[in-house]
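Residue numbers (the working numbering), protein chains in the order written: chain A, 6 to 255; chain B, 979 to 1594.
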């Protein structure tokens, strides 16, 4: 068995593992937003930035190898992650107190974990109309962090290509594949894997907002760094769909 | 084929749009990977890409409409809103601005009653700004309908343009002189002084053998001319040793996506040495065993396409390209030209490959590297235009000859695109090791009216050097460069230069990763805040923090170098910032008064009491 070290601890890995997939399988927490064990790599959010032998790299796209000394939860790296999170918070419109996802939100939980106490940068307040057209699911684009999890899920697992990314730069945005551009006219269904994969409150089921009360939610039970990964993930294996950075939906 | 798409009711124009789409898609055998080319050619007919047109294209090539919209909205040259029949894209590099481009754009807008970036319904013309179009030595320059170029604009020319637009004179009938592009070759050396390549390098390669030719490239110590300086021989060998998938063999790609602001040497190489570029690609093909090649020509150079294609045709007739090159059995290699659609990030080799495959130009995760899995997952060598030119001469004259030119770590010559405050802008080829001061002297940057205070070497992603560094030398061991050399005299405000480059990077960010997408925008907002006189000492701290974050956390090199101009000018031209950072009082970046604009509009007020007064 090969090992790399993560904050001084030995982590075994298999051929083809990324630092993230190996660390997660062993129950170690590497902060992330756009990574999912069942989906291909992305590398978009950069919150999993670690230091590999002194050089910054994204844990979710860096292949594990035996000579790596990986720094993860250092003050310096968490400060960088905090800045990245603060960027995401001002780029969209994230009002946690009024959001049904509060307590279940990976963005919010990760921000708490990184010690973020305020927005720091000026809010961009983008104007992004929401899409409530679908009978079972609504999309609040205000909260989209462009992690592409829904894009990848709909492509790799649902094989429906409901979502795509459009625009460039600060105008980058999620696109729904339908003649009208609305979710109701797409092939989307609330049973899709893509319907439940959003780490924030952008893609949400209707009429279930407060079925689980605040204080009994996922990150109310345990902070993101301490929750049991094996419980939350059906599988800790990376997707076998090896589309790398050039997946269909990209 | 259309049954899978629910279409909106068709209007009268749809039949012709359908015909255009069918014709273009057929030309490309309905290939998904030709999507960027298909959209380009459809738009050339339809002027803009309506939702309906995008859906027609999607159905015809078998992609989802969202995917096609995602690709179309990625590239600057695709219009998802109507534009005028005369669409002016004003080159907005700092060099064009120094030549008065912004003032001329304002004047043309005034004459045509248009607003930049806001096409007006039924107006014959529209105008927007675009990144450097590669004509800085003969600017101010304009791209017209993403096809023709206009050089050396001045006030008189702008008046004449407005008259032609008002009279609806077709662009083909505009004076040819307006579209003249000069090579401005000031100092040719071994690459630019050589006669056109007519197969000499190919004959030498065949005589020597593929393996021995690669050895010559090793001996030459040639490094890539695109900026990163990776060993060409190492790249080729890695590609040669990568297994090919069942669906296709190795591929040779020429990166002619010369997007770095202030760089135009590839334009001149493709004008004067196109044969050497194509011959270098053919040598590479022989060495790695490729039968297919692609040239990624930046969209701004669309005007060169027909000429380049005629060079290819001639080479096919001369048995220098195609099947059985020079009569040798099994030596088959041909190449196509792919035209870009306006995206700086596509100069990054994996983004370039994505674009060649008809996708958004988002850089790939590496590894796998393009030499392992590149174009359509086939092992691919991507080299710069200038690198292929050098390959041709090395194949012809030997690696030792090339290695003897230049310095210990940087062999051969390097071509510089000189522009800005100097008497003789244009193309200069020097052996590596030449000092900045020498180039400045040769281009007349310290004579008469000019006294250089700074040089931006290698473009905004390169280095900004001040007078005390002019003895430094060009080379990978000291001042590396991809070919831009922009000169600024002492009258120029280096803060404004850095601010212009900050806008450039935000404009060109692909939007994939958080630090580049949001970080470049935050830098722009702070630089603009300083420019408006609202800067404070706190802004410098924040700019430095953003600069530090972008170096290292971004997905690709664009983000990693996006704050280089900020870093360099902060270090070297502090007085330009100090004036703007002197206030010890924090002033917010958020402009409350501006946010009240909607309320003023609703209430129909614009009097003094409807505004908040800025408290100094």
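All residues carry an ideal CB built from backbone N, CA and C; glycine is no exception.
Item, Value
"Residue burial classification, residue 1514/B (beta-carbon count within 10 angstroms, cutoff 16)", "buried"
"Residue-chain proximity (residue 1579/B, chain A), Cβ-Cβ < 8 Å", "no"
"Bounding residues of the beta strand (DSSP E) (the contiguous stretch that carries residue 1391/B)", "1391 to 1398"
"Limits of the alpha helix (DSSP H) - the one that residue 1365/B falls within", "1363 to 1375"
"Any chain B beta carbon closer than 8 Å to residue 96/A", "yes"
"Chain B within 8 Å of residue 50/A, Cβ atoms only", "yes"
"Cutoff 7 Å; reference residue 1595/B; Cβ partners in own chain excluding five residues on either side", "Residue 1595/B is absent from the model: chain B starts at 979 and stops at 1594."
"CB contact check: residue 1109/B to chain A, cutoff 8 Å", "no"
"Three-state secondary structure assigned by DSSP to residue 1156/B", "helix"
"Residue interval of the alpha helix (DSSP H) (run including residue 1387/B)", "Per DSSP, residue 1387/B belongs to no alpha helix (DSSP H) and is neither H nor E."
"Coarse secondary structure for residue 255/A, derived from DSSP in three states", "Note that residue 255/A scores 34 on pLDDT, short of 50, meaning its location in the model is unreliable and no value can be drawn from it."
"Endpoints, the beta strand (DSSP E) within which residue 1069/B is located", "1064 to 1069"
"Residue range of the alpha helix (DSSP H) that includes residue 1115/B", "Per DSSP, residue 1115/B belongs to no alpha helix (DSSP H) and is neither H nor E."
"Separation of residue 1369/B from residue 1258/B, as counted between CA atoms", "5 Å"
"Cβ contact check for the segment 1417 to 1436 of chain B and the segment 1379 to 1388 of chain B: 3 or more pairs under 8 Å", "no"
"Proximity to residue 1047/B [Cα-Cα], best of 1576/B, 1336/B, 1350/B", "1336/B"
"Three-way DSSP call (helix, strand, coil) for residue 74/A in this model", "strand"
"Chain A contact residues for residue 1040/B, given Cβ-Cβ distances below 9 Å", "Result: empty, since nearest Cβ-Cβ is about 11 Å, beyond 9 Å."
"Listed by chain order, chain B residues near residue 7/A by CB distance under 9 Å", "By Cβ distance, chain B contributes nothing, its closest Cβ being about 17 Å from residue 7/A, past 9 Å."
"C-beta neighbour in chain B for residue 113/A, strict 8 Å", "no"
"Inter-residue Cα distance where the pair is residue 156/A and residue 165/A", "10 Å"
"C-beta neighbour in chain A for residue 1484/B, strict 8 Å", "yes"
"Beta-bridge partners of residue 7/A, as assigned by DSSP", "18/A"
"Residue interval of the alpha helix (DSSP H) (run including residue 1539/B)", "1535 to 1539"
"Residue of 1454/B, 1587/B, 1303/B minimising C-alpha distance to residue 1264/B", "1303/B"
"Range of the contiguous alpha helix (DSSP H) that encloses residue 1525/B", "1515 to 1531"
"Selection of the segment 174 to 206 of chain A by Cβ proximity to chain B, strictly under 9 Å", "174, 175, 176, 177, 178, 180, 181, 182, 183, 184, 185, 186, 190, 191"
"Closest by C-alpha distance to residue 30/A, when choosing among 223/A, 16/A, 99/A", "16/A"
"Residues that residue 74/A contacts on chain D, provided the C-beta gap is smaller than 9 Å", "Structure shown: chain D not included; protein chains present are A and B."
"Beta-carbon proximity check, residue 1321/B vs residue 1053/B, cutoff 8 Å", "yes"
"Whole-number beta carbon distance between residue 1203/B and residue 1365/B, since they are thought to touch under 8 Å", "5 Å"
"Within-8 Å CB hit, residue 20/A to chain B", "no"
"CB contact check: residue 154/A to chain B, cutoff 8 Å", "no"
"Bridge partners - residue 1271/B, DSSP secondary structure assignment", "1230/B, 1313/B"
"DSSP state of residue 1451/B mapped onto helix, strand, coil", "strand"
"Any chain B beta carbon closer than 8 Å to residue 166/A", "yes"
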